[in-house]
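The opening position of the sequence shown corresponds to residue 1 in full-length UniProt numbering, with each subsequent residue numbered one higher. Note that the Cβ used here is the ideal one computed from N, Cα and C, for glycine as well.
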Amino acid sequence: MSEIKIFSPATVANVACGFDVLGFCLDNIGDEMVIRKTDKKGICITKIEGFDLPFEAELNVAGVSALAMYEAAKPDCGFEIEIYKNIKPGSGIGSSAASAVGSVFGMNALLGNPYNKTELTQFAIKGEALASKCEHADNLAPAIFGGFTLVKSVAPLEILEIPSPDDLYATIIHPQIEIKTSESRAILPKKVALQDAVTQWANFGSLIHGLHTSDYNLIQKSLHDVIVEPHRSKLIPHYNEVKEASLQNGALGAGISGSGPSIFSLSKGLETAKNVKNAMKNVYSKTGITFEIHMTKINTEGIKIL
Ligand code: HSE
Numbered sequence: 001m002s003e004i005k006i007f008s009p010a011t012v013a014n015v016a017c018g019f020d021v022l023g024f025c026l027d028n029i030g031d032e033m034v035i036r037k038t039d040k041k042g043i044c045i046t047k048i049e050g051f052d053l054p055f056e057a058e059l060n061v062a063g064v065s066a067l068a069m070y071e072a073a074k075p076d077c078g079f080e081i082e083i084y085k086n087i088k089p090g091s092g093i094g095s096s097a098a099s100a101v102g103s104v105f106g107m108n109a110l111l112g113n114p115y116n117k118t119e120l121t122q123f124a125i126k127g128e129a130l131a132s133k134c135e136h137a138d139n140l141a142p143a144i145f146g147g148f149t150l151v152k153s154v155a156p157l158e159i160l161e162i163p164s165p166d167d168l169y170a171t172i173i174h175p176q177i178e179i180k181t182s183e184s185r186a187i188l189p190k191k192v193a194l195q196d197a198v199t200q201w202a203n204f205g206s207l208i209h210g211l212h213t214s215d216y217n218l219i220q221k222s223l224h225d226v227i228v229e230p231h232r233s234k235l236i237p238h239y240n241e242v243k244e245a246s247l248q249n250g251a252l253g254a255g256i257s258g259s260g261p262s263i264f265s266l267s268k269g270l271e272t273a274k275n276v277k278n279a280m281k282n283v284y285s286k287t288g289i290t291f292e293i294h295m296t297k298i299n300t301e302g303i304k305i306l
């Protein structure tokens, strides 16, 4: 095999109380990439469609993660990368992570899979860091592993797969404005109050327990963020209205998707997720801000060969 086409999915990071450690993978929303083996050594990005991104490998998220793997693997070939980008950069649903994992996943497959999923995530962190100025893996891990993932540690990298309850659906509204992850990280406080930390880790622990036991009531009680949301929500127009409308229409919880501006909600059952979708839509339809809405089951497969 000398060429491979892949689907690299969008993801939701943080999931309210799990800043920088928890994420889940979305179905049907993602980038496509073609990775091709070449006789000429090195990494060459030959095509980018969808958004205006740099072709130089060292300046491109997919290129940087590819270079990290290339330097480690030292293969006797090179690779060409084509990127068909559907996830808008700065959307909050893991645009840079999709690019970062796509190149290394494709190269790995063409080399006969010498690396495991954690090792691929390790290479992809280098690409993600180019975009967000910080090494974090909470979008990368669910894109590679699928489902919910918990990044137990970045150095050394340790990723836990968390079960996804069968009847859990995500609804995501994406206002078409850009919030750079690096900027929305810069506004966060360096220190947090002990009482807030206690609340956050109680919620986080119980959310993980709720996911393990498919306890939707516990998931509902746990989807709260007292540390990050108060700061970042100010960057997202009509955030509180969208959140309120989602909860009133039966969502288990809602929060900022990654670093925003997308807002996610989780619901039990398709019908509720549809109601939440309509409620979110109603709020934004009145604002004059263009938006997209996605509604999906949790994607337990992750990145895949097409
Ligand atoms: N955990 C990251 C953040 C995800 O919230 O900044 C966005 O890349």
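(request) Starting from the Cα of G302, find the closest Cα among Y70, M1 and I29 and give me that residue. (result) Looking up residue 302 in the sequence shown gives position 302. Selected option, being the one with the closest Cα: I29.
(message) By the three-class DSSP mapping on this structure, what secondary structure does T11 have?
(response) The residue given as residue 11 occupies position 11 in the sequence shown. Assignment of T11 by DSSP, reduced to helix, strand and coil, places it in the strand class.
(request) Label residue 308 either buried or exposed according to how many other C-beta atoms from any shown protein chain fall within 10 Å of its C-beta, with 16 as the threshold for buried. (result) What is shown of the chain runs 1 to 306, which leaves residue 308 out entirely.
(request) May I ask you to report which of helix, strand or coil DSSP gives N28? (result) Walking along the sequence shown from the start, residue 28 turns up at place 28. Correct three-state label for N28: strand.
(request) Flag D20 as yes when its Cβ comes closer than 6 Å to any non-hydrogen atom of the ligand HSE, and as no otherwise. (result) Position 20 of the sequence shown, counted from the start, is the residue given in the question as residue 20. D20 Cβ: within cutoff of the ligand HSE.
(message) Quick check on Y115: does DSSP put it in helix, strand or coil?
(response) Along the sequence shown, read from residue 1 onward, the residue named residue 115 stands at position 115. Shown here, Y115 sits in coil according to DSSP, grouped into three states, outside any helix or strand.
(request) Check whether the region 66-82 touches the region 158-167, counting contact only when three or more Cβ pairs, one atom from each stretch, lie closer than 8 Å. (result) no
(request) Note down, in chain order, each residue of its chain lying with its Cβ closer than 6 Å to the Cβ of M295, except the 5 sequence neighbours on either side. (result) Translated into positions along the sequence shown, residue 295 becomes position 295. Once the five neighbours on either side are set aside, the close Cβ partners of M295 are T171, A273 and K277.
(message) Short of 6 Å in beta carbon distance, which residues of its chain neighbour V228, apart from the five on each side in sequence? Order them along the chain.
(response) Position 228 of the sequence shown, counting from 1, holds the residue named residue 228. By the criterion of a C-beta distance shorter than 6 Å, V228 is surrounded in its chain by F19, once the five residues flanking it on both sides are discounted.
(request) Go ahead and label I173 buried or exposed: buried means 16 or more other beta carbons lie within 10 angstroms of its beta carbon, across all protein chains shown. (result) The residue labelled residue 173 in the question sits at position 173 within the sequence shown. So I173 ends up on the buried side.
(request) Return yes when the C-beta of S132 is under 6 Å from any heavy atom of the ligand HSE, and no when it is not. (result) To locate residue 132, count along the sequence shown from 1; it is residue 132. Distances between the C-beta of S132 and the heavy atoms of the ligand HSE include at least one below 6 Å.
(message) If I follow the unbroken alpha helix (DSSP H) through F264, where does it start and stop?
(response) Stepping through the sequence shown from its first residue, residue 264 is reached at position 264. It is not in any alpha helix (DSSP H) - F264 instead sits in the beta strand (DSSP E) that spans I263 to K268.
(message) Helix, strand or coil for K85? Go by DSSP, reduced to three states.
(response) Here residue 85 refers to the residue found at position 85 when the sequence shown is read from its first residue. DSSP places K85 in coil when its eight states are reduced to three.
(request) Take I179 as the anchor and find which of W201, G146 and S132 has the nearest alpha-carbon. (result) Counted from its first residue, the sequence shown places residue 179 at position 179. Here the closest residue by C-alpha is S132.
(request) Closer than 8 Å by C-beta to V198: which residues in its own chain qualify, once you throw out the five before and the five after it? Chain order, please. (result) Sequence index remark: in the sequence shown, residue 198 carries index 198 (1-based). Excluding sequence neighbours, V198 sits near nothing in its chain.
(request) May I ask whether a heavy atom of the ligand HSE can be found less than 6 Å away from the beta carbon of H174? (result) Sequence index remark: in the sequence shown, residue 174 carries index 174 (1-based). Because no heavy atom of the ligand HSE lies under 6 Å away, the Cβ of H174 does not count as near it: no.
(request) Spatial neighbours of G147 within its chain, please: CB distance less than 8 Å, with the 5 preceding and 5 following residues excluded, ordered by chain position. (result) In the sequence shown, counting from the first residue as 1, residue 147 sits at position 147. F24, C25, E161, I162, P163, S164, I298, N299, T300 and G302, listed in sequence order.
(request) Output the distance between the C-alpha atoms of E119 and N113, rounded to the nearest integer angstrom. (result) Position 119 of the sequence shown, counting from 1, holds the residue named residue 119. Position 113 of the sequence shown, counting from 1, holds the residue named residue 113. Cα-Cα distance, rounded: 11 Å.
(request) Pick out whichever of A10, V61, P54 and T46 has its Cα sitting closest to the Cα of I87. (result) Position 87 of the sequence shown holds residue 87. Selected option, being the one with the closest Cα: A10.
(request) Please report the residue range of the beta strand (DSSP E) in which F145 lies. (result) Translated into the one-based positions of the sequence shown, residue 145 becomes position 145. That residue, F145, is in no beta strand (DSSP E); its alpha helix (DSSP H) goes L140 to F145.
(message) Under DSSP, the beta strand (DSSP E) around I208 begins and ends at which residues?
(response) Locating residue 208 in the sequence shown gives position 208, where the first residue counts as 1. Counted as a single uninterrupted DSSP element, the stretch harbouring I208 is not any beta strand (DSSP E) but the alpha helix (DSSP H) occupying residues L194 to T213.
(message) Looking at T121: is its Cβ nearer than 7 Å to the Cβ of A100?
(response) Looking up residue 121 in the sequence shown gives position 121. Looking up residue 100 in the sequence shown gives position 100. No, the pair does not count as a contact, with Cβ atoms beyond the cut-off.
(request) Assign P54 to buried or exposed, taking buried as 16 or more other Cβ atoms, counted over all protein chains shown, within 10 Å of its Cβ. (result) On the sequence shown, residue 54 is found 54 positions in, with the first residue counted as 1. It counts as exposed.
(request) Less than 8 Å between the CB atoms is what I'm expecting for H212 and A16, so what's the real figure, rounded? (result) In the sequence shown, the residue the question calls residue 212 occupies position 212. In the sequence shown, the residue the question calls residue 16 occupies position 16. Approximately 17 Å separates the beta-carbon atoms of H212 and A16; this is outside 8 Å, ruling out the contact.
(message) By DSSP's criteria, K297 is part of a beta bridge. Which residues make up the other side?
(response) Position 297 of the sequence shown, counting from 1, holds the residue named residue 297. Answer is Y169, bridged to K297.
(request) Given a cut-off of 7 Å, decide if A13 and G258 are closer than it, judged by their beta-carbon atoms. (result) Counted from its first residue, the sequence shown places residue 258 at position 258. Counted from its first residue, the sequence shown places residue 13 at position 13. Yes; because the gap between Cβ atoms is below 7 Å, this pair is in contact.
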